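> Let me begin by handing over the structure; questions about it come next.
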Amino acid sequence: MSFNVQSFIEALRSAFKYAPVTLELTVITFLVSLVLGTVIATVRHYRIPVISQILGVFVTVYMGLPMMVALILYNLLFMTFYNDFATALNISTPISEINPIYIGFFALILGQSCSLSEAVRGAFRGIEKIQYEAGYSIGLSKIKTLYRIIFPQMVPILLPGMQNSLIGLLKASNLVSAIAVTEIMTGALLPSLLYYSYLESYVAAALVYWIIGIGIEVLAHFAEKRSGQYLRRINSD
Amino acid sequence: MIELTGVKKAFGKQEVLKDVSIKVNDGEVVVILGPSGSGKTTFLRCINFLERAEQGKMVFGDKILDLKHVKKRDILYVRRHSAFVFQNYGLFAHKTALQNVMEGLTQVQKMNKAEARKIAEDALSWVGLLDKKDFYPAQLSGGQQQRVGIARAVALKPDVILFDEPTSALDPELVGETLEVIKKVAKMGITMVVVTHEMSFAEDVADRVIFMDGGVVVEEGKPGEIFYKPKEERTRQFLSRIIPQDAYVI
Amino acid sequence: MIELTGVKKAFGKQEVLKDVSIKVNDGEVVVILGPSGSGKTTFLRCINFLERAEQGKMVFGDKILDLKHVKKRDILYVRRHSAFVFQNYGLFAHKTALQNVMEGLTQVQKMNKAEARKIAEDALSWVGLLDKKDFYPAQLSGGQQQRVGIARAVALKPDVILFDEPTSALDPELVGETLEVIKKVAKMGITMVVVTHEMSFAEDVADRVIFMDGGVVVEEGKPGEIFYKPKEERTRQFLSRIIPQDAYVI
Amino acid sequence: MGSYFSAERFINVFPKIISCISVNFHIVLWSMLLGTILAIFVAILRLKEIPVVKQILGVYISFMRGTPLLVQMMIAFYGIPLVLGNVFMNLFGINLNRVEPVVFVEIAIVLNEGAFLGEIFRGAITAVPALQTEAGYSIGMTGAQTFFRIVLPQAFKVALPHYGVDFVGVFQNTSLVFTLGVVDVLGKAKTLGAATGHTLEGYLAATLIYISFSLLLKGVFLFIEKNMKNGSAPAI
Amino acid sequence: GNASASDTTQQTADSPSTEVTKVVIGSGINYNPYCYLDENGNAVGYEYDVLAAIDELLPQYEFEYQSMAFDQLVLSLESGKIDVAAHQYEYTPEREEKYLFSGESYTSYITYLAVLVDSDVTSLADLAGQKIRTGGATSATTQILTKYNEEHPGQEVVLVNTESSSDEEGAAALKSGAAAASVLKKSDVTKMNKNFSDDGKDWLKSVGEPINNSKTYYLYRKDETELQTAIDGALKTLKDNGTLSELAIKWVGYDVTEEE
Ligand SMILES: Nc1ncnc2c1ncn2[C@@H]1O[C@H](COP(=O)(O)OP(=O)(O)OP(=O)(O)O)[C@@H](O)[C@H]1O
Ligand SMILES: Nc1ncnc2c1ncn2[C@@H]1O[C@H](COP(=O)(O)OP(=O)(O)OP(=O)(O)O)[C@@H](O)[C@H]1O
Ligand SMILES: [Mg+2]
Ligand SMILES: [Mg+2]
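Residue numbers (the numbering used here), protein chains in the order written: chain A, 1420 to 1656; chain B, 13 to 262; chain C, 13 to 262; chain D, 6 to 241; chain E, 573 to 832.
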């Protein structure tokens, strides 16, 4: 197999050009989902009646919905019903002026919230009960105990898996190109049309993703060090 | 004043507390004694709502509470006016000794940081741990952790402190010192319920001693009475293990 | 026999053990005494390689080991011929009391299940917890957990048991009983190193008492000598808190 | 959405799509089995911080997480025959270019999961207090015994929900084989879509199958958890 | 580097014996009606039928088929997993640097603007400032329209890239007005009209001049000239005897081998 450096560089350049779109999608989705996911996990952890059961079923079911199908579905629903909806609510913006990236956000956030909620739910089980009790005993409210005592202790448990989610999301945002947003992968493939230089394009996209991934990992590494410094190291003998 | 009446608590089928009642006046120090598994810890936990009793009433200051059906606000009220020293320390794992003590001051009592730090440092030096203030719990010895727990409770200056075996991990020297600390606290007029097996402390400081066994209060009275003139056979039997027989003569 | 010489261990800059040496003959019971934070736990942990000493030699049975550069095989050997009772229990959280005791028997000693269960049940009834055998650690009181820890160590019938404050969470009645158990163990010829503050136990059972402070052995000797005729000022000072002054007269 | 969806078409495609489920099962079972085992070792080795090994694993994880699975599959599909083609031909008489494409997809997913699950496990392991390990050591268990009997079961409880997410994810990711002409559930949906011009029914049928799998897995996990409970009370 | 798959074809190059040589043909999985997997999972379509007809004319070769995605085909070709790639490849000089194209084309590929039937749009100029669906950022259409935009400053159309999106979305976008036009082959318009009509009537029409008008070829590795020559010959025969047109009408509905 031949590898054309020229095509590769061109693909790389094009991929980098669209990296900001990917990053924007990723970061915003991740932050919003982290909040939503934590809320879902907390509700489920405390077994708040009815809501927690509903959320439990919803998360399990939603995990079965592939992102690609979700996007098609939401996109189709949006395009089919927007006009009636806009008329009913007197929204004057025509459908052609609505940026489809919002549909992308919606789909990504919903999926990501569900999967992050599962990660957080697991981390809840890694915290010893006495940590809650200690918080309550000094008069902290439940909420305060959660965010001052419990969540910080979850951080070292969650960080490795969270990197998975964040980096995974980085790549999954590629699917959003299905509804009219060009990002890294599509960007890298743009020049391949001319030469059928798919190999070079895929390698270029992989490289750009990887570079961003490494960036995330480096940040996470420091965060892990900081957040986990209280943990006792096990003597590895 | 705190008064509890008819406290019941079961884990599954096992009734751990069967109708326990006690009354502690303001500034009083009450010692709870009893064999392992008799429900002492569970009882203290019920007072602080760390365990929800199935039945029982509590008078806490001027509040009258049903232990089972109690409002969130009231739970918070009780917790804010009391402190708990855990048998197994219960320090915040991700906070240093100093931060452990400061947490309640800044977050609950909304003190500013500088002031809280001052008080926390005082509390730590009180228990002889100022030099360990930046250590995490995992870096402290058992006795050191226990003392941080005590400092954390005392620094809050609550109306009531619930001590669950506050000296179990301490060496005799420190037991003495820590009990001195607790005595000082007693003099500050803080009401205290102390689960302990330190007879000498009980004799010295306690206004009243309560002997629990199998989830009921077997006997209660002044330390002198309980220790040297126990009415119940069970109490006598329990004490006989600790207090040399001849002591009874006194 | 175990003999340790020149054990050094620091955490960061803080030297916790500065050249500690002890010798324990087969079947001997040695008690280690000392104030909180003096390095007692750390020392026991070094013996079992839970902490890696920076320097020091150990003779364990017929093995001579360098504490710092030691083979995995030798570590395993030491651990298989010794048992550890933790200050804060250290029970396997996902296993019941019975399973906790059986684990070492079936997994390390490769005993069959039926046999292991028999031995484990015996050990639990020894510590008075047969009725709690199917409880998980989180469902047991502090004292109960500590006794399971003791049962787990004793059931293994090791050559050496390292006890780290085995009675700290126990009520006086149980302290007595547990110390009886430990005495029985002593009679089985098991060598023991016990960190404890129970003077009466030390007096009764210990062949030798070692007093540690600030990471060094301050003094060692027979219990009678240490308790009533301490040579060092520091020892005298420490003991004065526990043993009533007039006791010295005896 | 009148013309986009018809129940009749759905009923027509559903049996055809579900008949491809064996491809998904084949891939997901092998990948998760081997991937989980690999991940456990990756997690252990990462936590041990052995010099060199640590750096190698760092690169491995970074690469597996950072690059698209599609690219990894392509590396396996084209790269392995390229590098090992002659060796296999000479030694075993196997033409790697003629090996079932599924195998390469499985290799890619296994290596991928080794990294993803490995990190999930590593996080979960840090949730198990050091004292648990020490207790294991103290009764004479080897490092491996302690890890597999004491630490892992407790860590698994923490990792389980996230593990489930990953599991369902792999069940969906199997559709990668379709790129190589092997038809799994989603591939079948696409095929039928291309053949009939109606894609929605097929996708919904595939989704329904995924959801059923997710629910099934959830049931299995609930069962496992029931048998793994350690008596600690629920949150307060 | 060529791996072992091409060994067999190399042999024949050395010794033009009567031995039958295996040739691995790669074609697509998801491009109806050209090359796709039918309801039973069999690879079918115009491409496959044409190739089968070619195979019959070439006794010295025996075709074997592998089906995979469009972009995997060219990689498989390079790596030797397949010997011929058939997926409606269009010719560009750039591509010729890397691959050998068949000397004969076998289909033409012509696209037009597709708009709602009641629309009065007839050309790109009517669409200035409006959204056009192009079917993917890497499609030829995108390229052509990007070039158009560069050549018509102030008159630009807005390109909506819709990588891997579904026909349903395409229909919905046009019907709802989310996009003003799409770029489609006439056969696709017919298909859309049939599949997504709300009232049985046509709702979409092709308008104006062709946007894209190109021919399609097979791809080979650079050194496979012998195979190329053989297949070219067979293709010519099929064109001449009308088989190719027959197949085109059978699969596509009209004669795509003709220029429109
Ligand atoms: N991981 C650690 N990092 C830093 N310092 C530590 C660590 N572990 C122990 N120390 C310090 O070492 C000293 C000795 O601790 P050790 O646990 O051996 O004391 P001890 O004699 O057992 O005390 P106690 O009777 O209170 O249990 C203490 O001052 C403690 O703060
Ligand atoms: N979560 C639980 N589930 C089931 N049983 C429990 C639970 N918590 C405590 N128990 C049981 O309740 C009884 C009383 O426990 P508690 O901790 O109150 O005893 P205690 O008097 O404090 O003993 P100790 O002096 O040993 O600390 C014990 O027998 C214990 O096994
Ligand atoms: Mg207790
Ligand atoms: Mg200690």
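Built from N, CA and C at the ideal position, the CB exists for glycine as well.
Fair warning: this is a prediction, and the values are worked out from it, not measured in the lab.
Can you tell me the Cα-Cα spacing of B:G227 and C:S212, whole angstroms?
The alpha-carbon atoms of B:G227 and C:S212 are separated by roughly 30 angstroms.
> Distance cutoff 8 angstroms, beta carbons only. Does D:L197 sit that close to anything in chain E?
Interface residue, yes.
> Quick test of your reading: E:S599 and E:A658, contact by CB under 8 angstroms. State the CB separation rounded to the nearest angstrom.
Rounded, the Cβ-Cβ distance is 4 angstroms, consistent with contact.
> Between the alpha carbons of E:L672 and E:E818, how many angstroms are there, rounded?
Spanning the two alpha carbons is a distance of roughly 27 angstroms.
> Run through chain D and tell me which residues come within less than 9 angstroms of E:A751, C-beta to C-beta.
Chain D residues near E:A751: none, gap ~16 angstroms exceeds 9 angstroms.
> Quick check on DSSP: helix, strand or coil for A:R1645?
A:R1645: helix per DSSP, three-state reduction.
> One question on the structure: do D:M20 and A:K1590 come within less than 8 angstroms of each other, judged by their Cβ atoms?
Going by the sequence as given, residue 20 of chain D is Pro instead of Met. Going by C-beta atoms, D:P20 is not nearer than 8 angstroms to A:K1590.
> Please identify the residue among B:S180, B:G236, B:A105 and B:M224 whose C-alpha is closest to the C-alpha of A:Y1649.
The shortest Cα separation from A:Y1649 among B:S180, B:G236, B:A105 and B:M224 belongs to B:A105.
> For a test of the three-state rule: what should DSSP assign to B:D258, helix, strand or coil?
Low local confidence applies: a pLDDT of 42 at B:D258 is under 50, so the model's placement there is unreliable, with the coordinate-based value given in what follows. The answer is helix: DSSP assigns B:D258 an H, G or I state.
> Tell me the DSSP secondary structure of A:P1439 in three-state form.
Helix at A:P1439.
> Beta-carbon separation of C:V205 and C:L56 under 8 angstroms?
Yes; because the gap between Cβ atoms is below 8 angstroms, this pair is in contact.
> Run the proximity test for C:K21: is its beta-carbon closer than 7 angstroms to any non-hydrogen atom belonging to ligand 5?
As for ligand 5, it is missing from this structure, which binds only ligand 1, ligand 2, ligand 3 and ligand 4.
> Using a Cβ-Cβ distance under 8 angstroms, would A:P1571 count as near chain B?
So, interface residue.
> On the DSSP bridge assignment, give the partners of E:N784 in chain order.
E:N784 is bridged to E:T683.
> Based on Cα-Cα distance, which residue from C:E63, C:G18, C:E244 and C:A135 lies nearest to C:V197?
It is C:A135 whose Cα lies nearest to the Cα of C:V197.
> Who's in the neighbourhood of ligand 3, going by beta-carbon under 7 angstroms from any heavy atom, listed in chain order?
In chain order, the hits are B:K52, B:T53, B:Q99, B:D176, B:E177, B:V207, C:S153, C:G154 and C:G155.
> Should D:V92 go down as buried or exposed, given a rule of 16 or more other Cβ atoms within 10 Å for buried?
Counting Cβ neighbours within 10 Å, D:V92 comes out exposed, since fewer than 16 surround it.
> Does DSSP put A:N1494 in a helix, in a strand, or in coil?
Here A:N1494 sits in helix by DSSP.
> With distances taken Cα to Cα, identify the nearest neighbour of B:L16 among B:V28, B:K35, B:E27 and B:A22.
Checking every option, the nearest Cα to that of B:L16 belongs to B:K35.
> Below 8 angstroms, can you find three or more Cβ-Cβ pairs linking the region 627-640 of chain E to the region 60-67 of chain D?
They do not touch, by the three-pair rule.
> Which whole runs of the beta strand (DSSP E) in the region 195-246 of chain C are 3 residues long or more, in chain order?
203-207, 220-225 and 228-233, all fully within the region 195-246 of chain C.
> For D:T184, would you say it is in contact with chain E, using Cβ-to-Cβ distances shorter than 8 angstroms as the test?
Chain E contact via Cβ: present.
> Can you tell me which of B:T118, B:Q121, B:E244 and B:V113 puts its alpha carbon nearest to the alpha carbon of B:K144?
It is B:V113.
> Span of the beta strand (DSSP E) holding E:R705?
K703 to R705 is the extent of the beta strand (DSSP E) around E:R705.
> So B:L45 is in the beta strand (DSSP E); what residue range does that whole segment cover?
V41 to L45 is the span of the beta strand (DSSP E), which, as asked, contains B:L45.
> Which ranges would you report for the alpha helix (DSSP H) in the region 1471-1515 of chain A if only whole runs of at least 4 residues count?
You should have 1486-1508.
> Chain E partners of A:T1499, CB-CB under 9 angstroms?
Those within 9 angstroms of A:T1499 in chain E are A744, K747 and S748.
> Should E:G701 go down as buried or exposed, given a rule of 16 or more other Cβ atoms within 10 Å for buried?
It is exposed - the Cβ of E:G701 has fewer than 16 other Cβ atoms within 10 Å.
> Under 9 angstroms, CB to CB, which of the residues in the region 45-73 of chain B have a partner in chain A?
Here the close residues are R57, N60, F61 and L62.
> If you measure from the CB of A:R1651, is any heavy atom of ligand 1 nearer than 7 angstroms?
It does: the Cβ of A:R1651 is within 7 angstroms (strictly closer) of some heavy atom of ligand 1.
> Quick one: any contact between the region 1459-1475 of chain A and the region 169-176 of chain D, if contact means 3 or more CB pairs under 8 angstroms?
Contact fails: fewer than three Cβ-Cβ distances are below 8 angstroms.
> One question on the structure: do A:Y1437 and A:I1630 come within less than 8 angstroms of each other, judged by their Cβ atoms?
The answer is no: Cβ separation not under 8 angstroms.
> Could you tell me if the beta carbon of D:F121 falls within a distance shorter than 7 angstroms of some heavy atom in ligand 1?
Not so, every heavy atom of ligand 1 lies at least 7 angstroms from the Cβ.
> Could you check how far apart the C-beta atoms of C:E280 and C:P235 are, in whole angstroms? I think they sit under 8 angstroms.
Past the edges of chain C, shown from 13 to 262, lies residue 280 of chain C, and the structure says nothing about it.
> Taking CB distances under 8 angstroms as the criterion, tell me whether C:L77 reaches chain D.
Not one chain D Cβ lies under 8 angstroms of C:L77.
> How many Å lie between D:I45 and A:I1586 at the Cα?
Whole-angstrom Cα-Cα distance: 20 angstroms.
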